[in-house]
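A.B. asks:
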Amino acid sequence: MYSAKVMDHFSNPRNVGEIPDADGVGMEGNPTCGDAMQIFIKVKDDIITDIKFKTFGCGAAIAVSSMVTEMAKGKHIDEALKITKEAVAAELDGLPPQKMHCSNLGADALRKAIEDYRSKKAAGG
Ligand code: FES
Numbered sequence: 105m106y107s108a109k110v111m112d113h114f115s116n117p118r119n120v121g122e123i124p125d126a127d128g129v130g131m132e133g134n135p136t137c138g139d140a141m142q143i144f145i146k147v148k149d150d151i152i153t154d155i156k157f158k159t160f161g162c163g164a165a166i167a168v169s170s171m172v173t174e175m176a177k178g179k180h181i182d183e184a185l186k187i188t189k190e191a192v193a194a195e196l197d198g199l200p201p202q203k204m205h206c207s208n209l210g211a212d213a214l215r216k217a218i219e220d221y222r223s224k225k226a227a228g229g
């Protein structure tokens with residue numbers, strides 16, 4: 105039911121954890137199932153230099169978050185903002201239809217982390 109890539113990222117998730125001095129933090133909840141996701145980013149010259157995630161989500165959410173962090177790392181924030189849930193699912197060689205909602209969490213939490221970074225920067229932080 106899951107692709108080999110999903111199983112790989114679920115069993116061996118990349119970039120799990122927290123960044124205590126993160127430049128941006130994004131939290132997203134999934135209204136469909138009540139699960140939640142948090143993404144932390146370090147940014148230098150608008151490039152995401154480090155990224156970590158924590159999730160209270162299902163296996164698909166873990167695989168999605170792992171893949172989102174891999175896709176966003178090293179990218180300019182403008183490019184990272186263009187990462188859609190569809191792109192993440194495609195990169196994982198697809199998700200079962202009933203698990204597509206799980207891919208919202210990763211892309212949305214990333215977007216919120218970038219927005220958080222931008223608002224802190226605008227505030228002079
Ligand atoms: Fe909640 Fe997948 S069932 S994120």
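So the number in the working numbering is just where the residue sits in the sequence shown, counting from 1, plus 104. Glycine included, every Cβ here is placed at the ideal spot set by N, Cα and C.
1. What would DSSP say about MET105, mapped onto helix, strand or coil?
2. With DSSP as the reference, identify every bridge partner of LYS146, one or two as the case may be.
3. Can you grab the Cα-Cα spacing for the pair ALA176 / VAL110, in whole Å?
4. According to DSSP, is GLY163 helix, strand or coil?
5. Between MET204 and the rest of its own chain, which residues show a CB-CB distance below 7 Å, the 5 nearest in sequence each way excluded?
6. Among the candidates GLN202, ARG215, MET141, CYS137, whose CA atom is the shortest distance from the CA of GLY121?
7. Among ALA126, ALA226, SER223, HIS113, which has the Cα closest to the Cα of ILE166?
8. Taking the alpha-carbon of PHE157 as reference, which of ILE151, ARG118, MET105, TYR106 has the nearest alpha-carbon?
C.D. replies: Let me lay it out:
1. As a first step, residue 105 must be located in the sequence shown, where it is residue number 1. DSSP, read as helix, strand or coil, puts MET105 in coil.
2. Along the sequence shown, one-based indexing puts residue 146 at 42. DSSP output for LYS146 lists ASP154 as bridge partner(s).
3. Locating residue 176 in the sequence shown gives position 72, where the first residue counts as 1. Locating residue 110 in the sequence shown gives position 6, where the first residue counts as 1. A straight-line Cα-Cα distance of about 17 Å links ALA176 and VAL110.
4. As a first step, residue 163 must be located in the sequence shown, where it is residue number 59. DSSP places GLY163 in the helix class (H, G or I) of the three-state scheme.
5. In the sequence shown, the residue the question calls residue 204 occupies position 100. So the qualifying residues of the chain are ALA193.
6. Here residue 121 refers to the residue found at position 17 when the sequence shown is read from its first residue. Minimum Cα distance to GLY121 is reached at MET141.
7. In the sequence shown, residue 166 corresponds to position 62, counting from 1. Check the Cα spacing between ILE166 and each of ALA126, ALA226, SER223, HIS113: the tightest is with HIS113.
8. Here the question's residue 157 lines up with position 53 in the sequence shown. PHE157 has its Cα closest to that of ARG118, out of ILE151, ARG118, MET105, TYR106.
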